[in-house]
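Here the structure is laid out as structure tokens; the discussion comes afterwards.
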Amino acid sequence: GVGERQHRVYFDSMACVTFSALNSIEMQINRMIIKQLLSIETLQALQNLGYLNDNGLFNVSDRFTAKMSGTTRAGNYLTKVWGSIRKDGLIPQTKYDFPNDQRAPVFDWDNFYTEIDQSLKDAAPEIFKYFSFSYEWVYTNSGMTSSQKKDLILHHLKHAPLQIAAPVCRGWNEGD
Numbered sequence: 015g016v017g018e019r020q021h022r023v024y025f026d027s028m029a030c031v032t033f034s035a036l037n038s039i040e041m042q043i044n045r046m047i048i049k050q051l052l053s054i055e056t057l058q059a060l061q062n063l064g065y066l067n068d069n070g071l072f073n074v075s076d077r078f079t080a081k082m083s084g085t086t087r088a089g090n091y092l093t094k095v096w097g098s099i100r101k102d103g104l105i106p107q108t109k110y111d112f113p114n115d116q117r118a119p120v121f122d123w124d125n126f127y128t129e130i131d132q133s134l135k136d137a138a139p140e141i142f143k144y145f146s147f148s149y150e151w152v153y154t155n156s157g158m159t160s161s162q163k164k165d166l167i168l169h170h171l172k173h174a175p176l177q178i179a180a181p182v183c184r185g186w187n188e189g190d
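Letter by letter, the sequence shown follows residues 15 to 190 of this note's numbering.
Encoded structure:
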């Protein structure tokens with residue numbers, strides 16, 4: 015969603031996989047809202063359940079999915095995050111938010127990843143009454159030219175936002 019960051023004042027949530035997956039979902043549902051592709055009944059239900067923010071846009075809790083998918087201080091995997099989304103569901107941002115810049119008392123890693131109340135876990139599958147969530151892999155490999163990779167990515171971007179995973183730190187995939 016707008017203005018959401020995985021890094022806060024005192025810690026990095028290491029939830030980049032969650033944030034990017036949920037941004038993809040939010041973009042797709044918000045496109046349906048803006049283009050008026052959802053029924054009035056579905057929009058009203060999403061509003062009543064708290065999934066729509068003050069601007070009438072879909073926004074879900076990154077914190078909930080980061081915890082439910084098992085994010086660690088080393089991060090997470092695409093398959094674990096998408097598995098959690100598909101199995102556990104989603105809850106509105108307002109029902110399990112976290113303070114952006116809270117300094118007192120300190121809001122840290124342990125607060126972010128505290129155990130989730132069972133009532134929230136029980137409510138999360140409600141979203142499946144309105145949406146199902148799936149994913150597929152778009153593979154690029156070293157045998158493809160840069161132009162082929164670009165064409166493949168552009169082709170798939172016509173269908174949905176892409177969540178891209180790439181090595182970003184020294185030592186990645188070096189057997190360390």
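Glycine is no exception: its CB is placed at the ideal position from the N, C-alpha and C atoms.
**Prompt:** By how many angstroms is the C-alpha of Ile178 removed from the C-alpha of Thr159?
**Reply:** Their backbone Cα atoms lie some 18 Å apart in a straight line.
**Request:** List the DSSP bridge partners of Leu66.
**Result:** Partner(s): Phe72.
**Asked** So, are the CB atoms of Ile99 and Ala29 less than 8 Å apart?
**Response** no
**Message:** Output needed for Phe147: all residues of its chain with C-beta closer than 7 Å, excluding positions within five of it in sequence on either side, in chain order.
**Reply:** Ile39, Ile99 and Arg100
**Item:** Euclidean distance between Cα positions of Trp197 and Thr32
**Value:** In this structure the chain extends from 15 to 190, so residue 197 is not present and cannot be described.
**Message:** Please state whether the Cβ-Cβ distance between Tyr110 and Ser83 is less than 8 Å.
**Reply:** no
**Prompt:** What separation, rounded to the nearest whole angstrom, lies between the Cα atoms of Gln50 and Leu57?
**Reply:** 10 Å
**Asked** What did DSSP end up calling Asp26 once you bin it into helix, strand or coil?
**Response** strand
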